[in-house]
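Trainee: Please see the structure below; I have some questions.
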Amino acid sequence: MSSFIIRDAQVVNDGSTFPADVLVRHGRIERVAPEGIGSERNARDFDAKGRHLLPGAIDDQVHFREPGLTHKDDIAHGSAAAAAGGITSFMEMPNTDPQTLTQELLARKYALGAASSVVNYSFYMGVANDNMAEVLRTDPKTVCGLKAFLGSSTGNMLVDDPVTLDRLFREAHMLIAVHAEDEHTIRMNMHRAVERWGEDIPVEQHPIIRSHEACYRSSSHAVALAKEHGTRLHVLHISTAQELELFTPGPLEGKHITAEACVHHLWFTDADYAAKGTAIKWNPAVKTVEDRDAIRRAVNDGRIDVVATDHAPHTVDEKSRPYAKCPSGGPLVQHALVAMLEMMHEGIFTLEQVVEKMCHAPSRLFAVEERGYVREGFHADLVLVDLNAPWTVMKENILYKCGWSPFEGTRFRARVLNTWVNGRLAYADGKVDRTARGERLRFAR
Ligand code: DOR
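Each residue of the sequence shown is one higher than the one before, counting from 1 in this note's numbering.
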């Protein structure tokens with residue numbers, strides 16, 4: 001594998017930004033040198049003057065739809081779009097077809113990842129009401145975690161049996177990531193909406209159907225169970241201000257209950273349904289401006305530990321259906337980092353905070369081995385960005401298999417220039433090297 005030096009970059013790492021040259025050799029970061037590096041034999045130079053070098057982002061929640069739902073997305077396309085967006089590692093969800101509910105099916109997904117992923121990968125083991133023996137066989141050193149849907153979403157993967165849940169929280173000695181929305185509350189609200197609007201439910205009703213109460217009930221139940229049993233719980237995509245009281249501010253070290261926010265809940269509000277319609281229909285729903293602002297504050301004070309995407313593509317046709325038949329979710333991996341950097345430009349987050357929440361913290365939270373930092377000895381998963389090279393998201397520059405984005409028409413000031421995965425240039429000059437292959441993530445647990 002080649003050696004190269006990224007020269008004169010502004011390196012963003014560990015809470016500070018400083019000028020340095022970075023030498024990469026055999027896929028690893030060999031030197032981070034603020035004093036500069038002389039010429040090295042056989043090492044190519046990348047001029048990074050005026051640009052910022054970040055660790056590659058680690059996205060702990062994506063849906064790449066493989067196997068079985070590949071009309072929406074697949075690992076090859078999803079991971080290529082991730083590389084273009086500066087995401088060098090992903091953790092993928094089990095609501096595929098078939099769902100990832102046995103060790104054998106999980107192993108098959110890892111084989112798919114090895115065959116086609118441009119970036120580094122891990123796949124969650126799925127929990128159902130009846131697969132506990134399989135769940136408990138999951139290896140925490142090679143699998144990112146278990147995933148339980150406590151409210152149903154795409155794929156109807158609901159874990160609603162209280163005995164199963166109790167056993168899961170008691171006996172699983174690894175991270176459990178949950179989708180927390182109370183199914184009973186949602187069904188009641190949906191029933192009311194159908195009574196009132198019949199087939200023509202306006203999309204603005206989505207946060208009223210998938211309500212604040214539905215989120216709080218389910219998240220607080222999961223947190224209570226985790227406290228009772230000492231479970232390592234990670235609550236995904238927090239969407240309400242009220243839920244934030246369930247989490248502790250400060251660094252994630254020492255916490256056994258952590259929380260994730262997604263870029264769409266940090267960006268959009270219910271005022272956007274009028275213009276964006278079902279393109280921003282997600283589960284949990286995008287809610288009020290007060291909720292969004294509270295989640296932003298929680299990113300800054302540590303009640304939210306990591307920021308991810310919940311990249312969950314559906315086809316244009318599927319998203320064009322009327323509310324009740326339109327699936328929730330949208331593609332995000334290509335635009336998440338630049339959206340966060342836009343919020344940095346707006347003064348909502350600092351650059352160092354974006355890197356902490358998208359790169360460093362996911363690495364520590366999951367104990368990912370040797371990734372997530374610009375650190376000597378670590379894998380060279382790196383992203384070079386120009387913070388001031390504005391561009392607009394348009395159909396022509398979207399890499400998603402589904403061909404659309406909730407950000408279409410949005411102008412971002414920051415641009416991803418280069419993405420290296422394990423020291424290999426996987427994205428440059430607007431093009432993904434689709435022959436690049438990532439590695440399976442390993443966990444120091
Ligand atoms: O909006 C969502 N879509 N939320 C989820 O949790 C699942 C996802 C999907 O798989 O479509």
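Even glycine gets a Cβ: it sits at the ideal position worked out from N, Cα and C.
Start and end of the alpha helix (DSSP H) containing His221?
Mentor: His212 to His229
Trainee: Which residue wins for smallest C-alpha separation from Gly36, given the options Asn42, His212 and Pro19?
Mentor: Pro19
Trainee: Along the chain, where does the alpha helix (DSSP H) containing Met132 start, and where does it finish?
Mentor: Met132 to Val135
Trainee: Only counting the same chain, and skipping five residues up and downstream in sequence, which positions put a Cβ closer than 7 Å to that of Ala294?
Mentor: Ala241 and Leu244
Trainee: Which residues bound the beta strand (DSSP E) around Gln10?
Mentor: Boundaries of the beta strand (DSSP E) around Gln10: Ser3 to Asn13.
Trainee: Would Asp305 and Thr258 be called neighbours here (beta carbons separated by less than 8 Å)?
Mentor: yes
Trainee: Cβ-heavy atom distance between Ala81 and the ligand DOR below 7 Å?
Mentor: Remark: the C-beta of Ala81 is outside contact range of the ligand DOR, defined as less than 7 Å to any heavy atom.
Trainee: Mind checking whether Arg413 and His335 have CB atoms under 8 Å apart?
Mentor: no
Trainee: Is Cys359 helix, strand or coil by DSSP?
Mentor: Reduced to three states, the DSSP call for Cys359 is helix.
Trainee: Hey, Thr315 and Gly86: beta-carbon distance below 8 Å or not?
Mentor: no
Trainee: DSSP three-state call for Asp21: helix, strand or coil?
Mentor: DSSP places Asp21 in strand when its eight states are reduced to three.
Trainee: Compute the beta-carbon to beta-carbon distance between Asp381 and Asn120, rounded to the nearest angstrom, for a pair I have assumed lies under 8 Å.
Mentor: 7 Å
Trainee: Excluding five sequence neighbours on each side, which residues of the same chain lie with their C-beta closer than 8 Å to the C-beta of Arg31?
Mentor: Asp21, Val22, Leu23, Ile37 and Glu376
Trainee: Could you name the residues that DSSP lists as bridge partners for Phe46?
Mentor: Ile6
Trainee: Determine, using beta carbons only, whether Gly302 and Pro362 come nearer to each other than 8 Å.
Mentor: no
Trainee: Answer yes or no: do Tyr273 and Glu204 have a C-beta to C-beta separation smaller than 8 Å?
Mentor: yes
Trainee: If distances are taken between C-alpha atoms only, which option among Leu384, Leu146 and Asp160 comes closest to Ser152?
Mentor: Ser152 has its Cα closest to that of Asp160, out of Leu384, Leu146 and Asp160.
Trainee: Between the alpha carbons of Leu417 and Ser79, how many angstroms are there, rounded?
Mentor: 17 Å
Trainee: By a C-beta neighbour count over all protein chains shown, 10 Å radius and 16 as the cutoff for buried, is Met358 buried or exposed?
Mentor: Classification of Met358: buried, given that the 10 Å Cβ count is 16 or more.
Trainee: Could you give the C-beta distance for Ser239 and Lys276, rounded to a whole number, given that I count them as a contact under 8 Å?
Mentor: Not confirmed; about 16 Å, so no contact.
Trainee: For Phe349 and Val299, what's the separation of their Cα atoms in angstroms?
Mentor: Rounded to whole angstroms, Phe349 to Val299 spans 8 Å at the Cα level.
Trainee: Provide the residue(s) that pair with Trp404 in DSSP beta bridges, ordered along the chain.
Mentor: In the DSSP output, where bridge partners are listed per residue, Trp404 has none listed.
Trainee: In chain order, what residues of the same chain lie with their CB nearer than 7 Å to the CB of Ser219, ignoring the 5 residues before and after it?
Mentor: Ala180, Val235, Glu243 and Leu246
Trainee: Would you list the one or two residues that DSSP bridges to Ala33?
Mentor: Asp21
Trainee: Please indicate yes or no: does the CB of Gly329 lie closer than 7 Å to some heavy atom of the ligand DOR?
Mentor: yes
Trainee: Buried or exposed: where does Asn397 fall if 16 or more other Cβ atoms within 10 Å of its Cβ makes it buried?
Mentor: exposed
Trainee: CB-CB under 8 Å to Arg296, same chain, minus the five flanking residues each way: which ones, in chain order?
Mentor: Leu266, Met343, Ile348 and Phe349
Trainee: Can you give the beta carbon distance from His229 to Arg170, rounded, assuming they're within the 8 Å contact cut?
Mentor: 5 Å
Trainee: Here's a check: name, in chain order, each residue in its chain whose Cβ is nearer than 8 Å to the Cβ of Arg44, leaving out the five neighbours to either side.
Mentor: Cβ contact annotation for Arg44 (same chain, cutoff 8 Å, sequence separation greater than five): Ser2, Ser3, Phe4 and Ile5, in chain order.
Trainee: Roughly how many angstroms lie between the CA atoms of Cys262 and Glu356, to the nearest whole one?
Mentor: 14 Å
Trainee: Where does Ala274 sit, in a helix, a strand or coil, going by DSSP?
Mentor: Collapsing the DSSP output to three states places Ala274 in a helix.
Trainee: Is Ala57 helix, strand or coil by DSSP?
Mentor: DSSP places Ala57 in strand when its eight states are reduced to three.
Trainee: Can you find the residues in the same chain that come closer than 7 Å, C-beta to C-beta, to Ala285, ignoring five residues on each side of it along the sequence?
Mentor: His206, Pro207, Arg210 and Ser239
Trainee: Can you determine whether any heavy atom of the ligand DOR sits closer than 7 Å to the C-beta of Asn283, and answer yes or no?
Mentor: yes
Trainee: If you pair each beta-carbon of the segment 49–57 with each one of the segment 92–110, do three or more pairs fall below 8 Å?
Mentor: no
Trainee: To the nearest angstrom, how far is it from the Cα of Arg65 to the Cα of His26?
Mentor: 32 Å
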